[in-house]
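The structure appears right after this line, and notes come after that.
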Amino acid sequence: MIAIQGLTKRFGDATVLDAIDLNIERGEIIVVIGPSGTGKSTLLRCVNFLERPNAGRIQVGDLSVDTTRARKKEILELRRRTAFVFQNYALFANKTALENIAEGLIVVNRWSKPKAHARAREILERIGLADKADAYPASMSGGQQQRVGIGRAMAAQAEVILFDEPTSSLDPEWVEEVLGLMKQLAYERQTMLVVTHEMGFARDVADRVLFMDGGRIVEQGPPEELFSKPKDERTRSFLRKILANQVEVQP
Amino acid sequence: MNVLDIDYMLGLVPVLLGYLPLTLEMAVAGMLLALVLACLLAVVRVLEIPGLNAFTLLFISFFRGTPLLVQLFLFYYGLPQIFSVLTQINGITATIMGLTLHFSAYMAESIRAAIVGVDRSQTEAALSVGMTNAQLMRRIVLPQATRVAVPTLMNYFIDIIKATSLAFTLGVTELMGATQKEAAGSFLYFEAFITVAIMYWGIVELLSWVQRRLEARFNEAYQR
Numbered sequence: 001m002i003a004i005q006g007l008t009k010r011f012g013d014a015t016v017l018d019a020i021d022l023n024i025e026r027g028e029i030i031v032v033i034g035p036s037g038t039g040k041s042t043l044l045r046c047v048n049f050l051e052r053p054n055a056g057r058i059q060v061g062d063l064s065v066d067t068t069r070a071r072k073k074e075i076l077e078l079r080r081r082t083a084f085v086f087q088n089y090a091l092f093a094n095k096t097a098l099e100n101i102a103e104g105l106i107v108v109n110r111w112s113k114p115k116a117h118a119r120a121r122e123i124l125e126r127i128g129l130a131d132k133a134d135a136y137p138a139s140m141s142g143g144q145q146q147r148v149g150i151g152r153a154m155a156a157q158a159e160v161i162l163f164d165e166p167t168s169s170l171d172p173e174w175v176e177e178v179l180g181l182m183k184q185l186a187y188e189r190q191t192m193l194v195v196t197h198e199m200g201f202a203r204d205v206a207d208r209v210l211f212m213d214g215g216r217i218v219e220q221g222p223p224e225e226l227f228s229k230p231k232d233e234r235t236r237s238f239l240r241k242i243l244a245n246q247v248e249v250q251p
Numbered sequence: 001m002n003v004l005d006i007d008y009m010l011g012l013v014p015v016l017l018g019y020l021p022l023t024l025e026m027a028v029a030g031m032l033l034a035l036v037l038a039c040l041l042a043v044v045r046v047l048e049i050p051g052l053n054a055f056t057l058l059f060i061s062f063f064r065g066t067p068l069l070v071q072l073f074l075f076y077y078g079l080p081q082i083f084s085v086l087t088q089i090n091g092i093t094a095t096i097m098g099l100t101l102h103f104s105a106y107m108a109e110s111i112r113a114a115i116v117g118v119d120r121s122q123t124e125a126a127l128s129v130g131m132t133n134a135q136l137m138r139r140i141v142l143p144q145a146t147r148v149a150v151p152t153l154m155n156y157f158i159d160i161i162k163a164t165s166l167a168f169t170l171g172v173t174e175l176m177g178a179t180q181k182e183a184a185g186s187f188l189y190f191e192a193f194i195t196v197a198i199m200y201w202g203i204v205e206l207l208s209w210v211q212r213r214l215e216a217r218f219n220e221a222y223q224r
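See below:
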């Protein structure tokens, strides 16, 4: 359903994404892991065109975009088909939780305000924040803000939701509620591409785990396989380091 | 020392009030035009539009770098000598023009700062849901930039109101010009000028009250 071919991104002389190929099936949950600065976030940002790739092709459903000569209309359409959840939530500070979720429906999908608000209320219900409909981001906890961030992505009814380290800025006490919501989405078979350091989440819900290093996908496979018998030395070394810090992953 | 002639002062108020509309008209016209021009200048600066950006910098530098009185004299007495079409320009128009150009230079910088100050990640979030640049500006960035800019813009408006008094040097009989004439007739300079000072002060206080109300409304979303 989603096909990425030869996706390349350079910042100056540094090649951050080196001809990435990746296919994602509908309903597939993919977790991307790897050391910092290896292009994980850039991969997500390129798929959403928050960064303009230097080369490659991105196909989402029946929309196929040659990234080197993507026109404005194609970029907008690609963004509508790919929702994004940000590390720092990035909620609209001048809008309530309800409005944050409804905003895209009103402005981008041209829904009427009552219809968009009704949908936003349904989503607030699903993310367990019905009582926060009229709260502004400044008055919400980090966990609540990120759940609204996920709600905003859900509202877009995109073909895939891209999660860029969604729990990395959260105080530890809020991490579980956000991961819980993501798991709920995973059970509903929402297609997801998740960059995270939460190995427990990867093990529990991922269909496939990708290990990235140096702008490339070094190895990939089902979590049980990748975590228990990684083939590449870089994967092994990364997992040793990160699992030493996350004892709770061990059953 | 003579005793303050209170009766004269009270009698002067209704006379001067008759000139208040002209003062306010010049101030409001100057403010609105300056606001429009300042927004254009700010957008050029934020987007760094090639060519226009350099011109904008020069414009801002000149109009911030020279006194308003010099600019007013330049428009009213100077330019008509060079461009004969401008001989038709009256003092009121010249004042509004001067206020517009002068204050737009200041306001452009505070509007630019307010736009740049809106968290970049919110712009990305708006893009990520598929908004166009115009949509995200209108719905997300400008409302928040407005909140940041309102206190400084209100300060400029207050400055503009007071600066309209310079129109009197171009022969316009507005609040200040009328006071000058009244004072020259009665020789009660202190009474006349303290009366007009209190009137300006009153208008500014009224506006400050409006400003506080506006700020309170804009800040609603940011209460923890």
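Protein chains in written order, with full-length UniProt numbering: chain A, 1 to 251; chain B, 1 to 224. By construction, the Cβ of each residue, glycine as well, lies at the ideal position given by its N, Cα and C atoms. Predicted model, so just to flag it, every value in this text is computed and none were measured.
Looking at residue j and residue i, is the spacing between their C-beta atoms short of 8 Å?
{"i": "VAL13/B", "j": "THR195/B", "result": "yes"}
{"i": "LEU98/A", "j": "LEU124/A", "result": "yes"}
{"i": "ALA183/B", "j": "TYR189/B", "result": "yes"}
{"i": "THR56/B", "j": "VAL44/B", "result": "yes"}
{"i": "THR100/B", "j": "LEU72/B", "result": "no"}
{"i": "ILE30/A", "j": "VAL178/A", "result": "no"}
{"i": "MET154/A", "j": "GLY61/A", "result": "no"}
{"i": "GLN122/B", "j": "PHE84/A", "result": "no"}
{"i": "ALA149/B", "j": "SER110/B", "result": "yes"}
May I ask which residues mark the beginning and end of the beta strand (DSSP E) holding residue i?
{"i": "LEU210/A", "result": "208-213"}
{"i": "GLN59/A", "result": "55-60"}
{"i": "SER64/A", "result": "63-66"}
{"i": "GLY5/A", "result": "The sequence shown places Gln at residue 5/A, not Gly. GLN5/A -> beta strand (DSSP E) spans 2-11."}
{"i": "LEU193/A", "result": "192-195"}
{"i": "residue 264/A", "result": "What the structure shows of chain A is the stretch from 1 to 251, and residue 264/A is not part of that stretch, so it cannot be assessed."}
Does residue i have its Cβ less than 8 Å from a Cβ in chain A?
{"i": "ILE203/B", "result": "no"}
{"i": "LEU214/B", "result": "no"}
{"i": "PRO151/B", "result": "no"}
{"i": "GLY117/B", "result": "no"}
{"i": "GLN135/B", "result": "yes"}
{"i": "GLY130/B", "result": "yes"}
{"i": "ALA221/B", "result": "yes"}
{"i": "ILE111/B", "result": "no"}
{"i": "GLU124/B", "result": "yes"}
{"i": "ARG64/B", "result": "no"}
{"i": "ARG217/B", "result": "no"}
{"i": "SER121/B", "result": "yes"}
{"i": "THR93/B", "result": "no"}
Out of the options, which has the shortest C-alpha to C-alpha gap to residue i?
{"i": "ASP119/B", "options": "ASP21/A, ASN88/A, ASP134/A and GLY149/A", "result": "ASN88/A"}
{"i": "ALA105/B", "options": "GLN71/B, ALA34/B and LEU175/B", "result": "ALA34/B"}
{"i": "VAL148/A", "options": "GLU165/A, ARG234/A, ARG126/A and ASP18/A", "result": "ARG126/A"}
{"i": "LYS241/A", "options": "SER169/A, ILE33/A and GLU165/A", "result": "ILE33/A"}
{"i": "MET199/A", "options": "LEU239/A, LYS231/A and LEU50/A", "result": "LEU239/A"}
{"i": "ARG80/A", "options": "GLY180/A, LEU50/A, PHE92/A and ARG57/A", "result": "LEU50/A"}
{"i": "LEU10/B", "options": "PHE157/B, ALA192/B and GLY78/B", "result": "ALA192/B"}
{"i": "CYS39/B", "options": "VAL70/B, MET107/B, ARG138/B and MET97/B", "result": "MET107/B"}
{"i": "ARG147/B", "options": "GLN211/B, THR132/B and GLY98/B", "result": "GLN211/B"}
{"i": "GLU205/B", "options": "ASN219/B, PHE157/B and VAL172/B", "result": "PHE157/B"}
{"i": "GLN37/A", "options": "PRO223/A, ARG216/A, ALA244/A and SER139/A", "result": "The sequence given here has Gly at residue 37/A, not Gln. Nearest C-alpha to GLY37/A: ARG216/A."}
{"i": "LEU185/A", "options": "ASP204/A, ASN94/A and ASP21/A", "result": "ASP204/A"}
{"i": "ILE101/A", "options": "SER112/A, ARG121/A and PRO114/A", "result": "ARG121/A"}
{"i": "LEU207/B", "options": "ALA54/B, ASP159/B and ASN53/B", "result": "ASP159/B"}
{"i": "CYS46/A", "options": "GLY104/A, GLU225/A, PRO223/A and PHE11/A", "result": "PHE11/A"}
Using 8 Å as the limit for Cβ to Cβ distance, is residue i near chain B?
{"i": "VAL148/A", "result": "no"}
{"i": "PHE163/A", "result": "no"}
{"i": "ALA97/A", "result": "no"}
{"i": "ARG79/A", "result": "yes"}
{"i": "PHE86/A", "result": "yes"}
{"i": "LEU50/A", "result": "yes"}
{"i": "PHE138/A", "result": "Checking the sequence shown, residue 138/A turns out to be Ala, not Phe. Chain B contact via Cβ: present."}
{"i": "GLY104/A", "result": "yes"}
{"i": "PHE92/A", "result": "yes"}
{"i": "ALA76/A", "result": "Reading off the sequence, residue 76/A comes out as Leu, not Ala. At least one chain B Cβ lies under 8 Å of LEU76/A."}
{"i": "ALA83/A", "result": "yes"}
{"i": "VAL249/A", "result": "Because the pLDDT of VAL249/A is 48, which lies under 50, any placement of that residue in the model is unreliable, and the question is left without a value."}
{"i": "ALA156/A", "result": "yes"}
What residues match up with residue i in a beta bridge as DSSP calls it?
{"i": "ASP164/A", "result": "VAL195/A"}
{"i": "GLY221/A", "result": "VAL209/A"}
{"i": "VAL31/A", "result": "VAL194/A and VAL209/A"}
{"i": "LEU22/A", "result": "ILE4/A"}
{"i": "residue 270/A", "result": "Since the first residue of chain A shown is 1 and the last is 251, residue 270/A is not available in this structure."}
{"i": "ARG236/A", "result": "Answer by DSSP bridge pairing: none, since ARG236/A is not bridged."}
{"i": "ARG216/A", "result": "ASP213/A"}
What residue range does the alpha helix (DSSP H) around residue i cover?
{"i": "MET154/A", "result": "142-155"}
{"i": "VAL118/B", "result": "Neither: VAL118/B is in no alpha helix (DSSP H) and is coded neither H nor E."}
{"i": "SER186/B", "result": "175-186"}
{"i": "LEU44/A", "result": "40-47"}
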